[in-house]
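If you read the sequences in order, they're chains P and R.
Going by the working numbering, the first residue of the first sequence is number 1, and it counts up by one from there.
Going by the working numbering, the first residue of the second sequence is number 1001, and it counts up by one from there.
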Amino acid sequence: MTDKNNEELPEGGVIHEGGNADSYETGGWRKLRPVLDNEKCTNCLICWVMCPDSAIIVEDGKMVGFDMEHCKGCGICDTECPPKIKAIKMVSEEEAD
Amino acid sequence: MATEKSNEMQGLTGNSAVALAMKQINPDVCPAYPITPSTAIIETFSSYVADGEVDTELITVESEHSAMSASIGAAAAGARVMTATSSQGLALMWEMLYIASGLRLPIVLTNVNRALAAPINIHCDHSDSMGARDSGWVQLYSETVQESYDNVFMAVRIAEKVRLPVMVCLDGFITSHAIENMATISDANVQDFVGEYTPETSLLKDMENPISIGAMTLPDYYMTFKKQQSEAMAEAKDVVEEVSAEFAQKFGREYGLLDSYELEDADVAIVIFNSATGTTKVAVDELRKEGFKVGVLRIRLFRPLPHAEIAAALKGLKAVACLDRADSFNDFGGPLFNEVRSSIYDLEDRPKVISRIYGLGGRDYKVEDAKSVFEELLKVVETGTVEEMTKYITI
Chain P
1 MTDKNNEELP EGGVIHEGGN ADSYETGGWR KLRPVLDNEK CTNCLICWVM CPDSAIIVED
61 GKMVGFDMEH CKGCGICDTE CPPKIKAIKM VSEEEAD
Chain R
1001 MATEKSNEMQ GLTGNSAVAL AMKQINPDVC PAYPITPSTA IIETFSSYVA DGEVDTELIT
1061 VESEHSAMSA SIGAAAAGAR VMTATSSQGL ALMWEMLYIA SGLRLPIVLT NVNRALAAPI
1121 NIHCDHSDSM GARDSGWVQL YSETVQESYD NVFMAVRIAE KVRLPVMVCL DGFITSHAIE
1181 NMATISDANV QDFVGEYTPE TSLLKDMENP ISIGAMTLPD YYMTFKKQQS EAMAEAKDVV
1241 EEVSAEFAQK FGREYGLLDS YELEDADVAI VIFNSATGTT KVAVDELRKE GFKVGVLRIR
1301 LFRPLPHAEI AAALKGLKAV ACLDRADSFN DFGGPLFNEV RSSIYDLEDR PKVISRIYGL
1361 GGRDYKVEDA KSVFEELLKV VETGTVEEMT KYITI
């Protein structure tokens, strides 16, 4: 769907593919950004379980970062990261840039 | 090709005729929550399901909101879906009605017209379906038990052709509970007429290539989808004509977008919906015997509005009364009045139009009531002035 005025758009707004939410970027209005401290992270993956937007990227069983196209900066990962570890910190977008 | 003009006659109520039509169509899914006065449709149909006379999956839901939600889900999956409701039930479906039409799902719903609360009332008026008139559903209004039965078959064809949901309306108790001697169509001919439903797109059609239905659309796409829907509604008018013509050719009963009675040389006319048309026709016959040139225009298709046909039918008349069995509470007449009046605006020599609201909550509308409206119209013609543009009658 490239032409937004295309009247040949599929009837009723049907999208002829599944799993397409992945290609719809929703992270644009984030105010706070999670920042990972690799030194502290124990890869317990509690953040991966709790993230409501599936924005924790895990490779080979290890937490490797955040999907910034979908992360909305809610801070649940920061809150859920165990108090003794605290490997995730929320910083403002302005500060991060 | 099957043709059947000498059909078998049966005495049926409107509800049992609609249930029989649903049985003969044998839809895939029927989610339903019975409500007076449409209860007997689902009651009778559930017996057909229990007796194994249909293959339909009957879903007994906990509310009409759920009935329409389940209808949407089943239709999106690719099923032929039918349901029935009335009044508060239709009101509770309201949110989902727009979703059914916006998703372009050809659901067929029979609405047995009943007044909306408050005060609570179970009898006939059109406030329920009039409230849903802008929900994107095609609306067919039925004068008789025969027409209610016939409209259900045509509704299936219309819905599936234009991919819009269709509402078949008939008058609560007056049509739904009165027994009428009517012609039925054989099961084989019904199946031949409605055909098999093979949607182009559906959730279950191709499991290897899943699709998404109901996705979010923002200002960049939403309006384009609404324009498509509006164009589909405009196309529906032609489809209703085509399907009605095919029905007439196969089964011998003719239905137009409108039903004109003694209009050709009429000076004045009543425009009306559903069962009250018959009462008005009796008044026309009696007044014609006395030499008055009076007629009736019944609106069968209200959504989309056959505005050009309405203008053509009322051209040359001197005064017209639009009889609404619902009020818009706008201090400016009922919905039928406003739309008919707007339809004839571009006529060079347009008739004067008055609004009369009648029969709310099942209040009787008698031949005398129709006659008194005709007398008012004749007075408008005689004096050239409208004394009361909007008024409640039968009160």
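Using N, Cα and C, we set each Cβ at its ideal position, and we do this for glycine too.
9 Å Cβ cutoff met for histidine 1126 (chain R) and proline 1037 (chain R): The count along the second sequence starts at 1 and reaches residue 1126 (chain R) at position 126. The count along the second sequence starts at 1 and reaches residue 1037 (chain R) at position 37. Between histidine 1126 (chain R) and proline 1037 (chain R), the C-beta spacing is not below 9 Å.
Measure the CB-CB distance between leucine 1109 (chain R) and methionine 1154 (chain R) and report whether it falls below 9 Å. The residue you call residue 1109 (chain R) lines up with position 109 of the second sequence. The residue you call residue 1154 (chain R) lines up with position 154 of the second sequence. Contact flag unset, no.
Tell me the DSSP secondary structure of alanine 1079 (chain R) in three-state form. The residue labelled residue 1079 (chain R) in the question sits at position 79 within the second sequence. When secondary structure is reduced to three states using DSSP, alanine 1079 (chain R) falls in the coil class, being assigned neither helix nor strand.
Below 9 Å between beta carbons: does that hold for leucine 1360 (chain R) and alanine 1313 (chain R)? Locating residue 1360 (chain R) in the second sequence gives position 360, where the first residue counts as 1. Locating residue 1313 (chain R) in the second sequence gives position 313, where the first residue counts as 1. With contacts defined as CB atoms closer than 9 Å, leucine 1360 (chain R) and alanine 1313 (chain R) fail to qualify as a contacting pair.
Report the rounded CA-to-CA distance for glutamate 1375 (chain R) versus leucine 1012 (chain R), giving the unit in angstroms. Position 375 of the second sequence, counted from the first residue, corresponds to residue 1375 (chain R). Position 12 of the second sequence, counted from the first residue, corresponds to residue 1012 (chain R). Rounded to whole angstroms, glutamate 1375 (chain R) to leucine 1012 (chain R) spans 36 Å at the Cα level.
CA-to-CA distance, proline 83 (chain P) to cysteine 71 (chain P), given in whole angstroms: If you number the first sequence from 1, residue 71 (chain P) lands on position 71. If you number the first sequence from 1, residue 83 (chain P) lands on position 83. Annotation: cysteine 71 (chain P) to proline 83 (chain P) spans about 22 Å, alpha carbon to alpha carbon.
Nearest neighbour of isoleucine 1042 (chain R), chosen from R:Asp1055, R:Lys1023, R:Asp1028, R:Gly1052 [CA to CA]: As a first step, residue 1042 (chain R) is located in the second sequence; it is residue number 42 there, counting from the start. With distances taken between Cα atoms, isoleucine 1042 (chain R) lies closest to R:Lys1023.
Give me the subset of the segment 19-38 of chain P whose CB atoms are less than 7 Å from a CB atom of chain R, sorted by chain position. Close to chain R, meaning a Cβ-Cβ distance shorter than 7 Å, are the following residues of the segment 19-38 of chain P: Asn20.
Chain-order list of residues whose beta-carbon lies under 8 Å from that of glutamate 1235 (chain R) (same chain, five-residue window excluded): By one-based count along the second sequence, residue 1235 (chain R) stands at place 235. Val1162.
Short Cβ contact (9 Å threshold) for alanine 1159 (chain R) with valine 1138 (chain R): In the second sequence, residue 1159 (chain R) corresponds to position 159, counting from 1. In the second sequence, residue 1138 (chain R) corresponds to position 138, counting from 1. Against a cut-off of 9 Å, the Cβ pair of valine 1138 (chain R) and alanine 1159 (chain R) comes out as a contact.
CB of leucine 1455 (chain R) within 9 Å of CB of valine 1018 (chain R), strictly: Residue coverage of chain R in this structure runs from 1001 to 1395, which leaves residue 1455 (chain R) outside it and unanswerable.
Report, in whole angstroms, the separation of the C-beta atoms of methionine 1093 (chain R) and glutamate 1064 (chain R), which I expect to be a contact under 8 Å. By one-based count along the second sequence, residue 1093 (chain R) stands at place 93. By one-based count along the second sequence, residue 1064 (chain R) stands at place 64. Right, their Cβ atoms sit about 5 Å apart.
For the segment 1085-1123 of chain R, list the alpha helix (DSSP H) runs that are entirely contained and at least 4 residues long, ordered along the chain. Qualifying alpha helix (DSSP H) stretches, in chain order: 1087-1102.
Which residue marks the beginning of the beta strand (DSSP E) containing threonine 1390 (chain R), and which one marks its end? As a first step, residue 1390 (chain R) is located in the second sequence; it is residue number 390 there, counting from the start. Judged by DSSP secondary structure, threonine 1390 (chain R) falls within the beta strand (DSSP E) whose first and last residues are 1390-1392.
Enclosing beta strand (DSSP E) for cysteine 1169 (chain R) [first to last residue]: Counting from one through the second sequence, the residue named residue 1169 (chain R) turns up at place 169. For cysteine 1169 (chain R), the enclosing beta strand (DSSP E) begins and ends at 1166-1171.
Buried versus exposed call for lysine 1237 (chain R) [16 or more other C-beta atoms within 10 Å across all chains shown]: Here residue 1237 (chain R) refers to the residue found at position 237 when the second sequence is read from its first residue. Label assigned to lysine 1237 (chain R): buried.
What does the Cβ neighbour count give for asparagine 1111 (chain R), buried or exposed, with the cut at 16 atoms within 10 Å? As a first step, residue 1111 (chain R) is located in the second sequence; it is residue number 111 there, counting from the start. Burial call: buried.
Closest to glutamine 1088 (chain R) by C-alpha separation, out of R:Leu1105, R:Ile1059, R:Ile1120, would be which residue? Numbered from 1 along the second sequence, position 88 holds the residue referred to as residue 1088 (chain R). Of R:Leu1105, R:Ile1059, R:Ile1120, the residue nearest in Cα terms is R:Ile1120.
Check for me: the alpha helix (DSSP H) holding cysteine 77 (chain P) runs from which residue to which? Translated into positions along the first sequence, residue 77 (chain P) becomes position 77. Unbroken alpha helix (DSSP H) run through cysteine 77 (chain P): 76-80.
Under the three-state DSSP convention, the category serine 92 (chain P) falls into: Along the first sequence, one-based indexing puts residue 92 (chain P) at 92. When secondary structure is reduced to three states using DSSP, serine 92 (chain P) falls in the strand class.
Could one say the Cβ of glutamate 69 (chain P) lies closer than 9 Å to chain R's Cβ atoms, at least one of them? As a working mapping, residue 69 (chain P) is identified with position 69 in the first sequence. It does not; no Cβ of chain R falls within 9 Å.
Spatial neighbours of methionine 1001 (chain R) within its chain, please: CB distance less than 8 Å, with the 5 preceding and 5 following residues excluded, ordered by chain position. Sequence index remark: in the second sequence, residue 1001 (chain R) carries index 1 (1-based). Residue confidence for methionine 1001 (chain R) is low, a pLDDT of 42 falling below 50, so the modelled location carries little weight and cannot support an answer.
Measuring straight from C-alpha to C-alpha, what distance separates lysine 1293 (chain R) and alanine 1188 (chain R)? Stepping through the second sequence from its first residue, residue 1293 (chain R) is reached at position 293. Stepping through the second sequence from its first residue, residue 1188 (chain R) is reached at position 188. Answer to the nearest angstrom: the Cα atoms are 45 Å apart.
Checking the sheet assignment: what are the DSSP bridge partners for glycine 1181 (chain R)? Position 181 of the second sequence, counting from 1, holds the residue named residue 1181 (chain R). The sequence given here has asparagine at residue 1181 (chain R), not glycine. Residue pairing by DSSP places asparagine 1181 (chain R) opposite R:Gly1011 in a beta bridge.
Amino acids of chain P, ordered along the chain, whose beta-carbon sits closer than 8 Å to that of threonine 1217 (chain R): Taking the second sequence and counting its residues from 1, one reaches residue 1217 (chain R) at position 217. By Cβ distance, chain P contributes Gly13.
Kindly give me the distance between the Cβ atoms of tyrosine 1255 (chain R) and arginine 1300 (chain R), rounded to whole angstroms, as I take these residues to be in contact under 8 Å. Sequence index remark: in the second sequence, residue 1255 (chain R) carries index 255 (1-based). Sequence index remark: in the second sequence, residue 1300 (chain R) carries index 300 (1-based). Contact holds; Cβ gap of about 6 Å.
Alanine 1002 (chain R) at chain P interface by Cβ criterion, 9 Å: Here the question's residue 1002 (chain R) lines up with position 2 in the second sequence. At alanine 1002 (chain R) the pLDDT is 47, less than 50, meaning the model places this residue with poor confidence; the figure from the coordinates comes in the next sentence. Output row for alanine 1002 (chain R): interface = no.
Select from P:Glu59, P:Leu36, P:Cys77, P:Lys62 the residue whose C-alpha is nearest the C-alpha of alanine 96 (chain P). Counted from its first residue, the first sequence places residue 96 (chain P) at position 96. Selected option, being the one with the closest Cα: P:Leu36.
Report yes or no: do the segment 1269-1281 of chain R and the segment 1363-1380 of chain R share at least 3 C-beta pairs separated by less than 8 Å? In this structure the segment 1269-1281 of chain R lies against the segment 1363-1380 of chain R, because at least three pairs of beta carbons, one per stretch, are closer than 8 Å.
Mind checking aspartate 1349 (chain R): buried by the 16 CB within 10 Å criterion, or exposed? Residue numbering aside, residue 1349 (chain R) sits at position 349 when the second sequence is read from its first letter. Residue burial annotation: aspartate 1349 (chain R) is exposed, with fewer than 16 other C-beta atoms found within 10 angstroms of its C-beta.
Using a C-beta cutoff of 9 Å, does phenylalanine 1225 (chain R) count as contacting chain P? Walking along the second sequence from the start, residue 1225 (chain R) turns up at place 225. Yes, its Cβ sits closer than 9 Å to a Cβ of chain P.
Checking contacts by CB at 9 Å: is proline 10 (chain P) closer than that to chain R? By 1-based counting over the first sequence, the position of residue 10 (chain P) is 10. A Cβ of chain R is located within less than 9 Å of the beta carbon of proline 10 (chain P).
Proximity to asparagine 1113 (chain R) [Cα-Cα], best of R:Asp1327, R:Ser1066, R:Thr1175, R:Glu1095: As a working note, residue 1113 (chain R) is residue 113 in the second sequence. Of the candidates R:Asp1327, R:Ser1066, R:Thr1175, R:Glu1095, the one whose C-alpha sits nearest the C-alpha of asparagine 1113 (chain R) is R:Thr1175.
Would you verify that the beta carbon of glutamate 17 (chain P) is, or is not, closer than 9 Å to some beta carbon of chain R? To locate residue 17 (chain P), count along the first sequence from 1; it is residue 17. Yes, contact with chain R.
Have a look at glutamate 1147 (chain R) and alanine 1183 (chain R) and give me their C-alpha separation to the nearest angstrom. Locating residue 1147 (chain R) in the second sequence gives position 147, where the first residue counts as 1. Locating residue 1183 (chain R) in the second sequence gives position 183, where the first residue counts as 1. Their backbone Cα atoms lie some 10 Å apart in a straight line.
Please go through the same chain and pick out, in chain order, the residues whose beta-carbon is closer than 6 Å to the beta-carbon of serine 1343 (chain R), but skip the five residues on each side of it. To locate residue 1343 (chain R), count along the second sequence from 1; it is residue 343. His1307, Ile1310, Ala1311, listed in sequence order.
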